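K.L.:
Heads up: the sequence shown at position 91 corresponds to 91 in full-length UniProt numbering, and the numbers run straight through without jumps. Beta carbons are placed, not taken as given, at the ideal position from N, Cα and C, and that holds for glycine. Computed from a predicted model, the values in this text were never measured in an experiment.
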Amino acid sequence: MPQDPLHLASISKRPFAYFLLCAGLFVATVTAALLYGVSRPQTPVIEEQERLAVDQCWRSSQDSTQSRPSRRFQEDACREMEAQFRSKFRHGR
């Protein structure tokens, strides 16, 4: 007895539907994690930790054993960290 061609087509589409479901769940999980990270309260402890990270960046950028281009790249990264810190906490040093 021959198989119904529509039945075979629906079977071959199931793996793709499963893949789409898994991809959707992955995207939803990553989005939820990012939203949680962005929306968590910014306590004075977190602010101090981030300030220390910026300070450490500036100290590392002054390392004389690094090449000049390396130090310049690090200084650019430190400036960006500093700008993000100021934006996040609405003040500077």
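1) Return the first residue and the last residue of the alpha helix (DSSP H) that S61 is part of.
2) Ignoring anything shorter than 4 residues or poking outside the segment 12–41, list the alpha helix (DSSP H) runs there in chain order.
3) What's the C-alpha gap between L21 and D63?
4) Hey, V54 and F85 are a contact pair by Cβ (cut 8 Å); roughly how many whole angstroms apart?
5) So A83 and C57 are supposed to be a Cβ contact under 8 Å. How far apart are they, rounded?
6) Please state the DSSP three-state secondary structure of S64.
7) Nearest-angstrom Cα distance between P44 and R51?
8) According to DSSP, simplified to helix, strand and coil, what is R86?
9) Skipping 5 residues on each side, what residues in its chain have a beta carbon closer than 8 Å to that of residue 172?
P.N.:
The structure says:
1) In the sequence shown, counting from the first residue as 1, residue 61 sits at position 61. Element bounds for S61: 44–61.
2) Note on the segment 12–41: there is no whole alpha helix (DSSP H) run with a minimum of 4 residues.
3) As a first step, residue 21 must be located in the sequence shown, where it is residue number 21. As a first step, residue 63 must be located in the sequence shown, where it is residue number 63. The alpha-carbon of L21 is positioned some 49 Å away from that of D63.
4) Here residue 54 refers to the residue found at position 54 when the sequence shown is read from its first residue. Here residue 85 refers to the residue found at position 85 when the sequence shown is read from its first residue. V54 to F85, Cβ: 5 Å. Contact.
5) Residue mapping note: residue 83 aligns to position 83 of the sequence shown, counting from 1. Residue mapping note: residue 57 aligns to position 57 of the sequence shown, counting from 1. Contact doesn't hold; Cβ gap of about 12 Å is too wide.
6) Counting from 1 along the sequence shown, the entry for residue 64 is found at position 64. S64 carries a coil assignment under DSSP once its states are collapsed to helix, strand and coil.
7) In the sequence shown, residue 44 corresponds to position 44, counting from 1. In the sequence shown, residue 51 corresponds to position 51, counting from 1. About 10 Å.
8) Here residue 86 corresponds to residue number 86 of the sequence shown, with the count starting at 1. R86: helix per DSSP, three-state reduction.
9) One cannot answer for residue 172 here, as it falls past the ends of the chain, which runs 1 to 93.
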